[in-house]
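Engineer: In the numbering used here, the protein residues as written are 385 to 512. The structure is given below, and queries will be raised subsequently.
Written out as structure tokens, the structure is:
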């Protein structure tokens with residue numbers, strides 16, 4: 385998505401640290417949905433963003449050519465797809481780990497790092 389924004393001369397990454405955060409995604413979704421007014425887009429900022437609406441609007445002044453917006457929409461779709469895939473993988477991992485919850489003996493060492501019996505067991509079974 386960043387490449388498409390850069391080609392559109394939109395410098396969103398200069399005013400917010402994470403374009404995939406709440407503000408960045410709200411702005412990108414609005415652009416893909418047809419909004420082009422930098423001031424209206426800047427008003428979508430989250431209250432935790434330090435940058436002013438004026439500086440965000442300046443960063444959003446760019447070239448909204450249809451072919452570039454199309455590329456951005458394709459990249460946004462891929463981003464959302466991958467986020468769904470990651471969520472499904474996380475759920476599967478949690479499900480697998482839950483089966484071993486009663487078998488894990490967690491002991492905290494003085495440095496605060498967890499040493500578990502399953503870590504020791506996997507080290508012994510590891511082919512490395």
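Here a beta-carbon is modelled for each residue, glycine too, at the ideal position from N, C-alpha and C.
What whole-angstrom Cβ distance do residue 430 and residue 404 have, given they're in contact under 8 Å?
Structural biologist: The pair is not a contact, with the Cβ atoms about 13 Å apart (cut-off 8 Å).
Engineer: Just to confirm before moving on: does the CB-CB distance between residue 448 and residue 420 stay below 9 Å?
Structural biologist: yes
Engineer: With C-beta atoms as the reference, is residue 456 less than 9 Å away from residue 388?
Structural biologist: yes
Engineer: Around the C-beta of residue 422, are 16 or more other C-beta atoms found within 10 angstroms, so that it is buried, or is it exposed?
Structural biologist: Burial check for residue 422: the Cβ neighbour count within 10 Å reaches 16 or more, so the residue is buried.
Engineer: Looking at C-beta atoms only, is the number of pairs between the region 433 to 453 and the region 390 to 400 that lie closer than 8 Å three or more?
Structural biologist: yes
Engineer: Which residue comes first and which comes last in the alpha helix (DSSP H) that contains residue 404?
Structural biologist: That residue, residue 404, is in no alpha helix (DSSP H); it is neither H nor E in DSSP.
Engineer: Quick check on the DSSP output: the alpha helix (DSSP H) that includes residue 467 runs from which residue to which?
Structural biologist: 450 to 482
Engineer: Taking just the CA atoms, how far does residue 436 sit from residue 478?
Structural biologist: Distance between the alpha carbons of residue 478 and residue 436: 40 Å.
Engineer: For residue 416, does the three-state DSSP call read helix, strand or coil?
Structural biologist: Collapsing the DSSP output to three states places residue 416 in a helix.
Engineer: Skipping 5 residues on each side, what residues in its chain have a beta carbon closer than 7 Å to that of residue 426?
Structural biologist: 437, 440, 441, 444
Engineer: Do you know how far the Cα of residue 433 is from the Cα of residue 402?
Structural biologist: 10 Å
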